[in-house]
Amino acid sequence: MEDNKNIEFSADALALAKKLMGRYPEGKHKSAIIPILHLAQAEFGGWLSPKGMDYVATLMNIQPIEVYEVASFYSMFNLQPVGKCVIEVCRTGPCWLMGAEDIVNHIESKLNIKVGETTTDGMFTLKTVECLAACGGAPMMQVGQKYHEDLTFNKVDSILEDYKKNTTEPISHWAKDKIKA
Amino acid sequence: MSKKLLTEHFGVQGIDQLPVYKQHGGYSALEKAFKKTPDEIVQEVIASGLRGRGGAGFPTGKKWSFIDKKSGKPRYLVCNADESEPGTFKDRYLMEVNPHLLIEGMIISSFALGANLSFIYIRGELLYVYHILEKAIAEAYEAGYLGKNILGTGYDLELYCHTGGGAYICGEETALIESLEGKRGNPRIKPPFPAISGLYNNPTVVNNVESIATVVPIINMGGEEYAKIGIGNSKGTKLISACGHIKKPGIYEIELGLPVEEFIYSDSYCGGIRGGRKLKAVVAGGSSVPILPAELILKTEKGEPRLMSYESLAEGGFASGTMLGSGGFIVMDETTSIVKNLFNFTRFYHHESCGQCSPCREGTAWMEKILHRILHGHGTLKDVDLLWTLQKNIDGKTICPLGDAAAWPVASAIRHFRAEFEDFVEHPEKYQDVKHYFNQIEDKQLA
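Pasting the structure below:
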């Protein structure tokens, strides 16, 4: 099984994780698990391997199983390696009404991958997700913390081009520049 | 145009920053609130008639009055910002544009409940909004609106933002509490209700973003004045998220009681159906509420104009009515296949079922499978009846309302569009290549 290459938080991430754990009443710091898993995913290249989750368990002083069961419940956590740039296209009702299905088909043929797959160069992973609360801008997709709304085929093409050109580091939901205490 | 109580200053440049928010009357409600006792604030909210804006419509003041103040345990206020109901995007907009409105509402509400630690639980996908809120909260601490001895009143409050990890179920208040405790989002059996035993088994109130933000205008104008807006037991204004096949999708603050027809066709709101097409159906309050065909959404079965209010939308019960729900208003034109749309909704509920209760876990999966086979031309007429039976075996038989929410779209689609289901089963080829959206995504001019 593959593993996260880097399994240790940066000093900034460590400080932020400690700060987050301090927000809950004494003895209730387990509350911070989801925010800290977001940090871990950002720190570990966009996904969480068992070793990465074990690191979080040690950091939080809880059992590894407590981390696994949470990480596997919530859809934002990737338990398999992903590309640098994870494209999450909303597929639910209102976006579907506005053509989300064809946006997905378009991206599939453009990148030559199916939903759930990663391009061979490791740049893009395509996912479909449920309603992202942007129905007024349907069809839409999310990359990292960025919402791209009112998509058209041309717009998707230029967004993909941009990411292809400008992405050097994996893009995470918890933006790297927001990791500081 | 109706009154703007929440969105009045949304067009103001920099309203997300504290000095600008203050210039436009921000934090004056807080100062007013501190001159009252906590119980007086609860009374104001009861008098306002405010009903929960997340979907259930339970009176907010009443919910507050249930909180256990006798046991002496710490009390918590948790803001439900896990907005995930398909068709709903009002809370995201409110927090993104005017975070201080929510923060001011949180401080007043926490004071009323006697909470010294409060959380805003925001869905993980909205991390960019999380950072907006964090910045605004830091400004509020800086200005002395949060922390110890707020404005010299002796009242202490710590307010934090907390992010989810992607799960629709966490919008259910007990699942949200579980999630906030760092666990899977499995709803709890009620009773005990959170007002008695919620976060960390302490008394807790969970309120929607819009409900908490609305406390600000209620305190500013007084509960009785607020109750003069609206109609019947639908008081005040409500944010409606309008989407689907309309000319002007977006967020509209409406005075409750606005006729549905005006909302759909007036240029002040949705602006009518795109491309001059005909209205086919509306899901008026987020994907969970019953779908209604055009004739029943515009007029009740008795022939009276349908209004945007809790009562009017529910007129006729589920036989011919629906619910205001979260205000997620999804409009479908004549090209929409109700069967395909239902498949989409059902897939959503299957994906989002937490898996605790068998009727929901298994039932949503079967409904999706059956609709999938109808969609692919392998359905039979019996399948329509089977879907009907399945939804009945889910509705009301689960710990939390996700089961009901999954059953109602199925029940209402079959109730009002059975002929279309039967036609789909018999002539699936007719429905395959219909483009139910406009070709604007192909970058062509709108028809």
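Chains A and Y supply the protein sequences, listed in that same order. Just so we're aligned: 103 in our numbering is position 103 of the first sequence, and the numbers increase by one with no gaps anywhere. To get our numbering, take the position in the second sequence, counting from 1, and add 1000. All C-beta atoms in this analysis are idealised placements derived from N, C-alpha and C, irrespective of residue type, glycine included.
With respect to THR1398/Y, CYS1360/Y sits close: the two C-beta atoms are nearer than 9 Å.
Here MET76/A has HIS173 as same chain residues with Cβ atoms under 7 Å from its own Cβ, once five neighbours each way along the sequence are excluded. Straight-line measurement puts the Cα of ALA181/A at about 39 Å from the Cα of PRO1191/Y. Annotation for ASP1333/Y: the continuous beta strand (DSSP E) segment containing it runs 1328-1333. Residue contact with chain Y for GLY137/A: present (Cβ-Cβ distance below 9 Å to some residue of chain Y). Going by DSSP, MET60/A is part of the alpha helix (DSSP H) stretching over 50-60. Shown here, SER1241/Y sits in a strand according to DSSP, grouped into three states. LEU1256/Y: not part of any beta strand (DSSP E); DSSP gives it neither H nor E.
Interface annotation, GLY93/A: in contact with chain Y, CB-CB separation under 9 Å.
Scanning chain Y for C-beta atoms nearer than 7 Å to the C-beta of TYR68/A yields nothing, as the closest lies near 11 Å away. In this structure, MET60/A and ILE33/A form a Cβ contact; the two beta carbons are roughly 7 Å apart against a cut-off of 8 Å. Chain Y has a Cβ within less than 9 Å of the Cβ of ALA133/A. Selection TYR1155/Y, ILE1103/Y, GLU1334/Y and VAL1206/Y evaluated against GLN1017/Y yields ILE1103/Y as nearest (Cα-Cα). According to the DSSP assignment, ALA1281/Y belongs to no alpha helix (DSSP H) but to the beta strand (DSSP E) extending over 1279-1283. Contact of ASN1344/Y with chain A by beta-carbon distance below 8 Å involves ARG91, THR92, GLY93 and TRP96.
If you draw a straight line from the Cα of ALA100/A to the Cα of MET140/A, it comes to about 7 Å. Closer than 9 Å to the CB of LYS146/A there is at least one CB belonging to chain Y. In the structure shown, the three-state DSSP call for THR1204/Y is strand.
Taking a beta-carbon distance threshold of 9 Å, LEU1375/Y does not count as an interface residue toward chain A. In the DSSP annotation of this structure, the continuous segment of the alpha helix (DSSP H) that includes ILE1297/Y starts and ends at 1294-1298. For the pair GLU1311/Y and ASN1393/Y, the CB atoms are not nearer than the 9 Å cut-off. Under the 10 Å beta carbon count, LYS1228/Y is surrounded by fewer than 16 other beta carbons and is classified as exposed. Cβ-Cβ distances below 8 Å link THR167/A to LYS84, CYS85 and MET123 in the same chain, with the five nearest sequence neighbours on each side left out; the list follows chain order.
Listed in chain order, the beta strand (DSSP E) runs fully inside the region 99-162 of chain A are 124-129, 141-143 and 146-148, counting runs of at least 3 residues.
Near chain A, meaning a CB-to-CB distance below 7 Å, the residues of the region 1064-1095 of chain Y are GLU1083, SER1084, PRO1086, GLY1087, THR1088, PHE1089 and ARG1092. In this structure VAL1260/Y touches MET1308/Y by the C-beta definition: roughly 6 Å separates them, less than 8 Å. Assigned with DSSP and collapsed to three states, VAL1209/Y falls in helix. Contact fails between the region 1099-1117 of chain Y and the region 3-15 of chain A, because fewer than three Cβ pairs, one in each stretch, are under 8 Å apart.
If you compare the alpha carbons of HIS1009/Y, SER1118/Y and ASN1202/Y with that of SER1071/Y, the shortest gap goes to ASN1202/Y.
Contact residues of the region 1106-1136 of chain Y toward chain A are LEU1117, ARG1123, GLY1124, GLU1125, LEU1126, LEU1127, TYR1128 and HIS1131 (C-beta to C-beta distance below 8 Å).
In terms of beta-carbon proximity, PHE73/A lines the interface with chain Y, with at least one pair separated by less than 9 Å. For the region 23-41 of chain A, the set of residues with a beta-carbon nearer than 8 Å to any beta-carbon of chain Y comprises ARG23, PRO25, LYS28, LYS30, SER31, ALA32, ILE33, ILE34, PRO35, LEU37 and HIS38, in chain order. Between the alpha carbons of CYS1170/Y and ILE1189/Y lies a distance of about 14 Å.
When C-beta atoms of the region 1205-1222 of chain Y are compared with those of the region 1090-1099 of chain Y, three or more pairs fall below 8 Å, so the two segments count as touching.
Listed along the chain, the chain Y residues whose CB falls inside 7 Å of the CB of PHE77/A are GLY1165.
Taking a Cβ-Cβ cut-off of 9 Å, GLU2/A has no neighbours in chain Y, whose nearest Cβ is about 22 Å from it.
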